[in-house]
Amino acid sequence: MTSAAIDVSARIRDMRAAQIRTRRLFLVCLAAGLCVASLAGLVIGAVPIPLSDVFGALSPFQDAQGQYGEIVQSIRMPRLVLGLCVGAVLGLSGAALQGLFRNPLADPGIIGVSSGAALGVAFVIVLGNAVIPGALAIAGPFALPVAAFGGGMAALLGVYALSRRAGALSGSSLILAGIAINAIAGAALGYLSFASTDEQLRQVTFWTLGSLGRTNWASLIPAAIAMIAASVLLLRLAPVLNVYLLGEREAEHLGVNAGRLKNQVIMLSALGAGAAVAVSGIIGFVGLAAPHIVRLFAGADHRVVLPGSALLGALLLVSADLIARTAVAPAELPVGILTSALGGPFFLWLLGRYRRELL
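Numbering of the sequence shown is given in full-length UniProt numbering, commencing with residue 1 and proceeding in unit increments.
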């Protein structure tokens with residue numbers, strides 16, 4: 001090997017080492033920012049709590065039933081955990097779906113989960129007691145989360161059934177089926193809103209706007225388990241998604257089962273997003289924005305994009321929720337309004353950036 005070839009090889013190794021260091025630093029910065037935002041979420045609110053009292057309320061070695069113990073343990077901590085789980089699974093699902101479809105505008109809402117969940121909740125609120133007298137009282141606080149998860153999964157099955165009618169499952173058929181199911185669910189939701197009473201309409205509207213303020217440990221734990229399980233399994237698909245970036249045929253030649261990969265990504269994304277929507281309502285644009293921001297700084301390697309999207313999604317949602325509950329305190333804005341207000345301009349920027357690929 002000539003000295004010139006050795007020099008080029010050394011430069012390539014140095015560039016790769018620098019790239020790896022940059023990506024690791026990026027993930028560390030995201031994790032640090034998330035820690036800061038999480039602490040701020042526990043400290044800042046309608047009742048400011050000193051940081052020392054927050055640690056005291058969370059410590060197993062101190063009396064947690066002090067002045068702020070109930071606020072931290074029963075209100076702010078479950079809300080923070082919900083924001084972390086929902087933001088992470090939405091960012092992760094968006095990154096996986098964008099990698100699978102090779103479509104920069106893909107996000108969890110594209111597979112119909114959000115619209116189906118909204119329809120399920122509206123159906124229970126408006127017609128639940130009419131179909132089964134006393135159903136809402138019997139189900140208690142679990143009525144709406146169960147209805148949301150069931151509606152989201154039913155919408156996913158509808159998307160699958162429609163896309164399979166064309167033969168093999170493809171990205172284009174799945175997206176078109178998702179658009180159709182979203183339109184049908186939107187029409188049904190509009191009718192239920194029209195037929196509802198004023199009180200029912202307020203409940204439906206508040207839920208569809210998205211909020212982290214309705215949670216408690218009893219409803220959070222089952223949803224968190226589902227979101228964490230879906231996230232862990234999606235993270236394990238990162239190397240396969242890297243191969244799939246070469247194209248479906250090339251990936252199959254390298255031993256990737258494209259059909260199984262599609263099923264895994266779609267089902268896991270639906271499970272995570274369905275569990276998220278069930279306890280938080282519809283929160284848009286987190287799954288769309290987080291993966292793109294990560295790719296701008298860390299490239300297209302899914303071994304970095306997936307965990308980075310999870311961290312950034314959690315950071316975005318926890319920060320947005322902090323603003324939502326302090327901007328007009330003691331009142332509270334639905335966090336979905338903030339994410340949509342920030343995500344709308346970002347969506348327009350994406351359309352401009354990728355207009356050639358999308359036309």
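Note that beta-carbon positions come from the ideal geometry of N, C-alpha and C, so glycine has one too.
Start and end of the alpha helix (DSSP H) containing residue i?
i: aspartate 107; result: No alpha helix (DSSP H) contains aspartate 107, which DSSP labels as neither H nor E.
i: isoleucine 228; result: 217-235
i: alanine 143; result: 143-164
i: threonine 205; result: 198-209
i: proline 48; result: Run containing proline 48: none; DSSP gives neither H nor E here.
i: phenylalanine 285; result: Careful: phenylalanine 285 lies outside any alpha helix (DSSP H) and carries neither H nor E.
i: aspartate 321; result: 302-326
Helix, strand or coil: how does DSSP classify residue i here?
i: proline 334; result: coil
i: asparagine 257; result: coil
i: isoleucine 20; result: helix
i: leucine 358; result: Summary for leucine 358: the model assigns pLDDT 49, below 50, so the residue's position carries little reliability; its value from the coordinates is reported in the next sentence. The answer is helix: DSSP assigns leucine 358 an H, G or I state.
i: isoleucine 75; result: helix
i: phenylalanine 123; result: helix
i: arginine 214; result: coil
i: valine 243; result: helix
i: glutamine 67; result: coil
i: isoleucine 44; result: coil
i: alanine 341; result: helix
i: alanine 278; result: helix
i: serine 115; result: helix
i: glutamine 83; result: At residue 83 the sequence reads glycine, which differs from the glutamine that was named. In this structure, glycine 83 counts as helix in the three-state DSSP scheme.
i: arginine 13; result: helix
i: glycine 178; result: helix
i: alanine 96; result: helix
i: glycine 299; result: coil
i: arginine 102; result: coil
i: glycine 172; result: Position check: residue 172 holds serine in this sequence, whereas glycine was assumed. Of the three classes helix, strand and coil, the one that applies to serine 172 here is helix, per DSSP.
i: alanine 329; result: coil
i: serine 59; result: coil
Near residue i, which residues of its chain fall below 6 Å by C-beta distance, leaving aside the five closest residues on each side in sequence?
i: residue 435; result: Outside the shown range of the chain (1 to 359) lies residue 435, about which nothing can therefore be said.
i: leucine 192; result: Ala122 and Val126
i: leucine 105; result: none
i: alanine 17; result: none
i: glutamine 200; result: Ile125 and Val126
Can you name, in chain order, every residue of its own chain whose Cβ lies under 7 Å from the Cβ of residue i, other than the five neighbours on each side?
i: leucine 312; result: Leu30, Gly91, Ala290, Ile293 and Val294
i: valine 279; result: Leu82, Pro145, Thr215, Ser219, Leu220 and Ala223
i: leucine 212; result: Arg79, Leu82, Gly83, Ser280, Asp321 and Val335
i: aspartate 301; result: Asn242
i: isoleucine 20; result: none
i: valine 113; result: Gly152, Ala155, Leu156, Ala270, Ala273, Gly274 and Val277
i: phenylalanine 142; result: Ser219
Excluding the 5 residues flanking residue i on each side, which residues of the same chain have their C-beta closer than 8 Å to its C-beta?
i: alanine 37; result: Leu315, Val318, Ser319 and Leu322
i: serine 52; result: none
i: leucine 358; result: Interpretation of leucine 358 is limited by its pLDDT of 49, a score under 50 that renders its predicted location unreliable; the figure taken from the coordinates is listed afterwards. Counting only Cβ-Cβ distances below 8 Å, and skipping sequence neighbours, we find Pro104, Leu105 and Leu351.
i: glycine 120; result: Ala147, Ala148, Phe149, Gly150, Gly151, Gly152 and Ala154
i: arginine 303; result: Ala238, Pro239 and Asn242
Could you check how far apart the C-beta atoms of residue i and residue j are, in whole angstroms? I think they sit under 8 Å.
i: serine 115; j: serine 269; result: Serine 115 to serine 269, Cβ: 15 Å. No contact.
i: glycine 272; j: methionine 227; result: 5 Å
i: isoleucine 181; j: valine 159; result: 5 Å
i: phenylalanine 347; j: leucine 288; result: 7 Å
i: serine 163; j: leucine 156; result: Not a contact, Cβ separation roughly 11 Å.
i: alanine 57; j: glycine 45; result: Contact doesn't hold; Cβ gap of about 13 Å is too wide.
Handout entry: Segment contact, 8 Å Cβ cut-off, at least three pairs: the segment 281-288 with the segment 339-347
Key = Because the criterion of three Cβ pairs below 8 Å is met, the segment 281-288 and the segment 339-347 touch.
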